[in-house]
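Written below as structure tokens is the structure these notes are about.
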Amino acid sequence: MATLDQFQGCLLGLALGDALGAPVEGGIVERLVWRVIGTTRNGEMRWTDDTQMTIDLIESFLAKGTFDPEDLAARFAASYRWSRGYGPATAKTLKRISRGADWREANRSVYPSGSFGNGAAMRAPVLGLIYANRPEALAQAAPLTASVTHAHAIGMEGAVLLALATDLAARGCGSRELLQQATAQCALEPFTLRLAIALAWLESEQNVSTAEIVRQLGHGIAAHESCVTAVYLALRFRNQTFMELQRFLAAIQGDVDTIGAMAGAIWGAENGAANLPPEPLEKLEQRERLIRLATSLHRQVTEAPRAESK
14 MATLDQFQGC LLGLALGDAL GAPVEGGIVE RLVWRVIGTT RNGEMRWTDD
64 TQMTIDLIES FLAKGTFDPE DLAARFAASY RWSRGYGPAT AKTLKRISRG
114 ADWREANRSV YPSGSFGNGA AMRAPVLGLI YANRPEALAQ AAPLTASVTH
164 AHAIGMEGAV LLALATDLAA RGCGSRELLQ QATAQCALEP FTLRLAIALA
214 WLESEQNVST AEIVRQLGHG IAAHESCVTA VYLALRFRNQ TFMELQRFLA
264 AIQGDVDTIG AMAGAIWGAE NGAANLPPEP LEKLEQRERL IRLATSLHRQ
314 VTEAPRAESK
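Using our numbering, read the sequence shown as starting at 14 and increasing by one per residue.
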């Protein structure tokens, strides 16, 4: 079981990576927009939909004690705000749910095969702590929570990968074993091929350039073009500082906030909140709320086995 510090590190690392990545993402128009809306009235760094949907996921679990897709869909829809930077497909899906559509229909209303974006994976790291060392339960929960908005197999497998990587990193699993276990849980070639590349790079201790990472792993919004990238970077920088990780991520460009959130969550789950950089953390929007949520989640997960044994 992960410690309280690791639960807090995972959620704060996700939100901090998200908030640090958002201002440097996209072209000049996107950056100018975020310059206007990217800070609160108190001057704090705002996070995006990556963190908001993770909050929704945690609050749903705390309320229900399990994952109820109906409740999760309602929370996602109620929390939607354009200013959080939701992807166009997810925005349309959530608006349909708000108007009364069943999530099982809404999640295929934009793409008939479902979305294979990384929007489900970005909120999945906390599942790795909830279902720590329970791969079968995790393999059921991750696709279920993903399918509310991302019904494509690639989108769901990205969520499984991020959840599993977070669990294994929190337990101190070595990079080779972690990637091998992750590969064993992935059935789709877009993930397994990239995981093999990441493993070869880590084993050879290559200082792979940003350009080569983009070329072979990707930096886009699709799950298969960002999830392995995030896992690889979290492992490459696992013994370095959080800010070194995030600076390297910014140089990769692409979907910086989401890759930063996913890698930051894995890094935080392994290294704990105590090792996150204090100055940027002080400027993070709703930091105390995030700490309370992580604390409540740790308590509920820790006490669950006691309840089951009664």
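We put the beta carbon where it would ideally sit given N, CA and C, even for glycine. On a predicted model such as this, the values are computed, not experimentally measured, just so you know.
Grab the span of the alpha helix (DSSP H) containing residue i for me, first residue to last.
| i | result |
| --- | --- |
| residue 242 | 240-249 |
| residue 106 | 101-111 |
| residue 95 | Element bounds for residue 95: n/a, residue is neither H nor E. |
| residue 281 | 269-284 |
| residue 117 | 116-119 |
| residue 260 | 255-265 |
| residue 22 | 17-34 |
With distance defined between alpha-carbon atoms, name the residue in the options nearest to residue i.
| i | options | result |
| --- | --- | --- |
| residue 10 | 101, 83, 271 | No answer is possible for residue 10: it lies beyond the span of the chain, which begins at 14 and ends at 323. |
| residue 149 | 194, 109, 255, 47 | 194 |
| residue 66 | 28, 168, 49, 313 | 28 |
| residue 92 | 100, 113, 235, 68 | 68 |
| residue 39 | 215, 303, 98 | 98 |
| residue 317 | 142, 82, 115, 31 | 142 |
| residue 157 | 82, 144, 115, 196 | 82 |
| residue 128 | 107, 144, 146, 145 | 107 |
| residue 78 | 125, 140, 117 | 140 |
| residue 187 | 249, 50, 104 | 249 |
What residues are listed by DSSP as bridge partners for residue i?
| i | result |
| --- | --- |
| residue 130 | 235 |
| residue 297 | 58 |
Report, in whole angstroms, the separation of the C-beta atoms of residue i and residue j, which I expect to be a contact under 8 Å.
| i | j | result |
| --- | --- | --- |
| residue 244 | residue 279 | 7 Å |
| residue 26 | residue 262 | 12 Å between Cβ atoms; not a contact. |
| residue 234 | residue 201 | Between residue 201 and residue 234 the Cβ distance is about 17 Å, and since that is not below 8 Å, they are no contact. |
| residue 172 | residue 133 | 4 Å |
| residue 179 | residue 282 | 5 Å |
| residue 176 | residue 155 | 5 Å |
| residue 164 | residue 121 | 6 Å |
| residue 273 | residue 253 | Not really, about 15 Å apart at Cβ, beyond 8 Å. |
| residue 304 | residue 19 | Incorrect: roughly 13 Å between the Cβ atoms, too far for contact. |
| residue 247 | residue 213 | That belief does not hold up - the Cβ atoms of residue 247 and residue 213 are roughly 17 Å apart, past 8 Å. |
| residue 88 | residue 73 | 5 Å |
| residue 285 | residue 16 | 7 Å |
| residue 57 | residue 297 | 6 Å |
| residue 232 | residue 268 | 6 Å |
| residue 85 | residue 161 | 5 Å |
| residue 136 | residue 75 | Between residue 75 and residue 136 the Cβ distance is about 15 Å, and since that is not below 8 Å, they are no contact. |
- Query: In chain order, which continuous runs of the alpha helix (DSSP H) of length 4 or greater are located wholly inside the region 37-93?
  - Reply: 41-50, 62-77, 82-92
- Message: Please give the ranges of any alpha helix (DSSP H) in the region 199-235, keeping only runs that are unbroken, at least 4 residues long and fully inside the region.
- Response: 202-217, 223-229
- Contained alpha helix (DSSP H) runs [length at least 4] in the region 140-172, N- to C-terminal order: 148-160
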